[in-house]
Structure formats: structure tokens, C-alpha cells
Ligand code: UDX
Ligand code: UDX
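Numbering (this note's numbering), first residue to last: 582 to 1041.
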């Protein structure tokens, strides 16, 4: 029986996952550690560092009972029999595989550290998304730095939670995958983790595999999901040219039970920390193995995604130029999807960058993302301070429309649907354009008010 679990990385994955494990296993102590002191302080406060519907309730139930957040990494590694690693593994920005491969520095340094300080056998669980066969590398590091006689078992247990619905996804997962070594010891380790999940997940939904199948399943599940979005987004352009309506087409396709109706919503492009990173990773792995056609196939998913957000930005720029409008755009939504404060790889970043490059001023409003983060996102993609000065931040949705006659909707927040669009229209400029990057507004109603509407995948 496992009595103490430690999770390194109190982020979007580590925090919610451990909170549910603690809630469902009151007999196990769960310690979430992170080197970032501010983040840990926030986890210990009433103002959690990440916004995720339902998370507060789960944390409040277990925190202080059997769920603890701490910066004392060494203490809890030493104490625990099972250690999850949920540190970030971003796409490499330099060195071999730059722009494609996952940067495993964080993961590798965690493995080394665990090995160096461990005085008893431990099970190490890979939670971070990793390239196939990472476990081999982790094993090498653990063996190299382990003290004499100490053994480690490695499990792969990828996360399938989607932000915004993370708590539901964790509570009622479609499946839990646990990959382990095909040996007696590997089987014992796998069973220990199966037991933890089976406190609330039906046994038939817990899939045990070998390590590499598990690692590859995570990458490819995300690649498949992203592929569906690129497929529908590529058709949205075709619809705009032909007069077909993308929502009608998506509905018709999705009613085929072999295809299914989920993940067919056209958008301004997919974002988030996983999809692009995982596909780039898949492309890199395929290339490294000499599988050029396979690499090209998956890379196309990324190409369409970039094309989708760029053509959206270009439509706005063209409208401003052709109609000699005030060079100011009201941008609604910065998060990569609704119900999260996460903006990693959000389409908004790239669309804003393209507008800024044309000297267009931007008023941004997002219910959960703060100006500090917006500036950080733009700086990360090397937007100059001069261009950054063209960003204005609105604390509320009333100010965001000031001096602008172009509105772009980039995140599908519910509150945008419920705005009083009639009043918004009546303010300021006579001619107002709406570019609905999420197709959440009713174009017919908006046109009746007087707006000129451009919805993705529908003829203007
Ligand atoms: C997760 C996964 O782990 C990643 O592989 C996946 O692709 C995206 O989701 P996430 O939880 O979203 O990452 O990342 P983040 O919110 O950045 O949290 C990671 C945390 O790990 C940070 O708080 C960081 O401070 C911490 N960390 C990182 C450590 O405590 N130690 C380290 O050595 C590195
Ligand atoms: C994803 C996977 O769904 C999850 O299983 C994995 O563990 C992490 O990566 P996440 O990125 O949090 O989760 O959110 P998801 O709901 O998958 O959305 C990703 C992006 O795709 C968002 O920008 C979203 O707006 C977009 N999207 C999603 C569409 O454009 N259309 C859709 O039909 C669905």
C-alpha cells in the first residue's frame, strides 16, 4: 500500500490531479511540491494560482487533511513511496530539435535529484507529456545517480484532462492509462497505481500497457484531437468561398456515428500548452526515425492551424485598410479557451502580434487573464516594447470598445454571448464590424442591429 505520494510541479496538471487523488483517497497523504514559492503560497491561500471550475471545492475538502502544498521538495521526496513528475516540458527553443522536440531539462533534473536523495525504493510516475522512450532516459539517469541498493520503478501515467473541464475529466475519466515495465516488479508498481485510481474509477476504464504504448498514446491522442480541429478549420475556408455553412457541415458530418460530433467546432485556431507541442514532438520523432512522410502528414495539422489564425488577422487588417477605419481593434478573449486563465499558445497572441505589426492598436478584455500575462505572452514571441505600447488593457467589457469600430472575438467566454450588443453598437462609431472567431454570436441578430459580421466558415 502506498501511504505517501509526492508530486513535483504544482501547475495546471499537478495541482488538479493531486487534489482529486487526495479527495478520493483520504488515507493517503498527498504532497504537492514546487520550486516556485509564490505558486505554493497561492495554493495555500483562498486565491488559487489557476482558475478551474470546481477546483476550490475539491482543494478545500482535502487541504490540511491529506493534501499539502510545499516548497520543501527534498523532505517530501524522501518521505514518499510514489513520486509523480508533473513539471513543464516545453518545445525546445535551442539546440538539437529546436522548435520541435520537447525540452526535457526539467524532467531530467527532477530524476537526477530524486535519485541523489532517495534512501529507499520508489516508484516514479511520468505525468508530464514526454516523447516516446523518455522512460528509458529517466531510467538511465535514476540508475546512474541512485545510491547503492536503491531501486526505482518507472510508470507512465499521462494526463487527459482538458482545462476548463479538468475536474470533471479527472472525476469521470474516459480512461486512465498506466504504462509499466513488463516484469514482476513492474507489475507490482502498476498495481499500486491502479489501486489508487480504482478508489473512484471503474476497473474496466483503467488500461494497463507497456511503457512505450502509454507514452505514445498520450502524444497521438492529442494529435488526433488537433487533427480534427485542423480538418474542420480547413473546411471553414472552403465554406467561406462556396457559401456552405461550416456549422451545418460539422453537424452533418458529426451525425455519422463513425465520426462522432465532438471536437468539430471551427475556431480561430487551437491553442493550449499541449496540442502544438505534442504534434511537433511527434513530427520530430517520426523525422528522427527517417519516417519523412509520416512527419509531413502530422506537420500539416500545424500548418493549417497557423494559416487559420493568420488569415483571420489578415481579414481584419484588410477591412481596416479598405474602409480606412480607425486603426484600433477591440479584442475579446485572451485565454486559449473559455473557463481557464491559461493563455499558453493562445491564438490571441499570434493574431495580436500580426495586428501590432501593422501598427494597429489593440484594446484587450479577458475575464480571467491579466495584463501582466498578456505582455509576457507577447514578449515571449519577441514583440518589441514599442509595439507592446499599442496594447491597452480593459478591466471590464465597457471600456474595451472605446474608439474602435472593429471587434474580434477570440475566446468563447459565455459572457460575450450575453452582452447587450445593441447598446454596444450604439456607442461611438457608426460602422461596426464583428469578426467572430468562435461563431458564438447569432449573425442574423447582429446584422439586424447594424453590425457588419464575419463569422468563421460563413460567407460575410
Ligand atoms: C503540464 C505537463 O506536465 C506538461 O508536460 C504538459 O505538456 C502540459 O501540462 P503544466 O502543469 O500545465 O504542465 O505546467 P505548469 O503549469 O507550467 O506547471 C509546472 C510546474 O512545475 C511549475 O509550477 C514549475 O514551477 C514546476 N517546476 C518545474 C518545479 O517545481 N521544478 C522543476 O524543476 C521544474
Ligand atoms: C487537451 C486535450 O483535450 C487533453 O486531453 C490533454 O490532456 C491536454 O490537451 P486542453 O488543451 O486543455 O486539452 O483543451 P481542449 O479542450 O482540448 O482544447 C484545445 C484547443 O482546441 C482550444 O484552443 C480549443 O478552443 C480548441 N478547440 C477544441 C477547437 O477549436 N474546436 C473544438 O472543437 C475543440
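Each residue gets a CB set at the ideal place from its N, CA and C atoms; glycine is no exception.
- Within 6 Å of the C-beta of residue 594 there is at least one heavy atom belonging to ligand 1.
- Pairwise C-beta distances place the region 944-957 in contact with the region 914-925, as three or more of them are shorter than 8 Å.
- For residue 855, the shortest separation between its Cβ and any heavy atom of ligand 2 lies below 6 Å.
- In the displayed model, residue 789 falls within a strand according to three-state DSSP.
- Annotation: residue 769 to residue 704 spans about 10 Å, alpha carbon to alpha carbon.
- Counting C-beta atoms within 10 angstroms of its own C-beta, residue 1004 has fewer than 16 neighbours from the protein chains shown and is therefore classed as exposed.
- Taking C-beta separations shorter than 6 Å and ignoring five residues to either side along the sequence, the partners of residue 692 in its chain run 719, 722 and 723, following chain order.
- Listed in chain order, the beta strand (DSSP E) runs fully inside the region 682-720 are 703-707, counting runs of at least 3 residues.
- Look at residue 582 here: in three-state DSSP terms it is coil, with no helix or strand label.
- For residue 814 and residue 606, the gap between their C-alpha atoms comes out near 42 Å.
- Across the structure, residue 964 and residue 932 are spaced so that their CA atoms are roughly 12 Å apart.
- Sixteen is the threshold: since fewer than 16 other Cβ atoms of the shown chains lie within 10 Å of the Cβ of residue 961, the residue is exposed.
- Looking at the backbone, the Cα of residue 686 and that of residue 670 are separated by about 8 Å.
- Fewer than three pairs of CB atoms, one per stretch, sit closer than 8 Å, so the region 816-833 makes no contact with the region 777-784.
- According to the DSSP assignment, residue 618 belongs to the alpha helix (DSSP H) that extends over 618-624.
- Each residue's CA atom was taken as its position, placing residue 630 and residue 636 some 11 Å apart.
- Residue 887 has its CB no nearer than 6 Å to any heavy atom of ligand 2.
- Here residue 760 carries a strand assignment [DSSP, helix/strand/coil].
- Under DSSP, residue 663 shares a beta bridge with 586 and 704.
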